[in-house]
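Asker: Structure in structure tokens, see below.
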Amino acid sequence: MRLPVTLDFSYELRDWRRYTNMREGRFCQPATLLVVVGMPVCMIGVWLPYARDPHVFSSPFDVLAITAAMVAVSVPSGVFGVLPGPGGTRKTALPFFIRHGWEPGSSPLAFRQIVEIDEEGVRLRCGPAGCRTQDMKTISLPWSMWCPARIWRGSIAMLAWREQAGRIDNIMSKAMVFHGNEARLYEEVYIPARALTGISARELRREMNRLVRARRRPRTSRWRVQLD
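Read in numbering that gives the first Met the number 0, the sequence shown has 143 at position 144, and its numbers run on one by one without any break.
This is the structure in structure tokens:
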């Protein structure tokens, strides 16, 4: 794929929700699956001894009580953790939208975003819906600050750490869940599938990750994050 590539689109609340699902679900869902799969195994461990010797427990009600407790834990975990959720709420999204140009009180909750990708890095232009390009806030970061891009349902997401000590290669790490909207530590870009008209998401991600690897700077520690 040839660069530069310029993508101009409206960033809406649905995009924020899909991005938060992408960002946090990849960490939360495996843990939930472990609970859902582990509980039946534990149930078997309870019922097998009872089937072989009913006197293992003082009464059948003990077995039923243990089983009911396991079901009460595993079923909600399966429903709310494994299945895709609604993502971030409007309240949690407001700081992000205000920071990127949305004017409080205006409707709908959306801002205009232009993503420019070239050999030097990624440039984000953000501003209120309908604003002129020259009036938009510009954030420009070189490839050395970006982590590898990820694809989810045809959309592309990418994370840039502003501080060297905060570099984590994987956008789907639990650190993202813990940091929330801490803009001081990182910048993020999410390109919805609808903005990639005529562009292959896989080819664009491949080209972006090639440039990330080529410009990658030395790391001090994989899991060290600077909070102060």
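All C-beta atoms in this analysis are idealised placements derived from N, C-alpha and C, irrespective of residue type, glycine included.
Quick one: what's got a C-beta closer than 7 angstroms to THR5's C-beta in the same chain, skipping five residues either side?
Answerer: Only ILE113, GLU115 meet the Cβ criterion.
Asker: Please state the DSSP three-state secondary structure of MET157.
Answerer: Correct three-state label for MET157: strand.
Asker: According to DSSP, is PRO39 helix, strand or coil?
Answerer: Correct three-state label for PRO39: helix.
Asker: Could you give the C-beta distance for GLY126 and GLY104, rounded to a whole number, given that I count them as a contact under 8 angstroms?
Answerer: Going by Cβ atoms, the distance from GLY126 to GLY104 rounds to 16 angstroms, so no, they are not a contact pair.
Asker: With C-beta atoms as the reference, is TRP160 less than 8 angstroms away from ARG214?
Answerer: Taking 8 angstroms as the Cβ cut-off, TRP160 and ARG214 do not qualify as a contacting pair.
Asker: Thinking C-alpha only, which one of MET207, ARG13, LEU195 is nearest LEU108?
Answerer: With distances taken between Cα atoms, LEU108 lies closest to ARG13.
Asker: Could you compute how far the alpha carbon of MET157 sits from the alpha carbon of CYS41?
Answerer: MET157 and CYS41: Cα-Cα distance of roughly 39 angstroms.
Asker: Going by C-alpha to C-alpha distance, which of GLY197, GLU119, PHE96 sits closest to TYR189?
Answerer: It is PHE96 whose Cα lies nearest to the Cα of TYR189.
Asker: On the CB-based measure, 16 or more other CB atoms within 10 Å of its CB, does SER154 come out buried or exposed?
Answerer: By the neighbour-count rule (16 or more Cβ atoms within 10 Å), SER154 is buried.
Asker: Beta carbon of PRO3, beta carbon of ASP134: below 8 angstroms?
Answerer: No, the pair does not count as a contact, with Cβ atoms beyond the cut-off.
Asker: How would you write the range of the beta strand (DSSP E) that THR5 sits in, first residue to last?
Answerer: Element bounds for THR5: 4-11.
Asker: Round the Cβ separation of GLY129 and ARG111 to the nearest angstrom and send it over; I've been treating them as touching at under 8 angstroms.
Answerer: With a Cβ gap of about 7 angstroms, GLY129 and ARG111 count as contacting.
Asker: Taking Cβ to Cβ, would you say ILE150 is nearer than 8 angstroms to GLU186?
Answerer: It is not a contact, given that the beta carbons lie outside the stated cut-off.
Asker: Buried or exposed: where does PRO230 fall if 16 or more other Cβ atoms within 10 Å of its Cβ makes it buried?
Answerer: Nothing about residue 230 can be reported from this structure: the residues present for the chain run from 0 to 227 only.
Asker: Using C-beta distances below 6 angstroms, list every residue in its chain close to MET144, excluding the 5 sequence neighbours before and after it, in chain order.
Answerer: ALA159.
Asker: For TRP142, does the three-state DSSP call read helix, strand or coil?
Answerer: TRP142: helix per DSSP, three-state reduction.
Asker: Could you please give the first and the last residue of the uninterrupted beta strand (DSSP E) stretch that includes ALA109?
Answerer: Counting along the chain, the beta strand (DSSP E) containing ALA109 begins and ends at 109-116.
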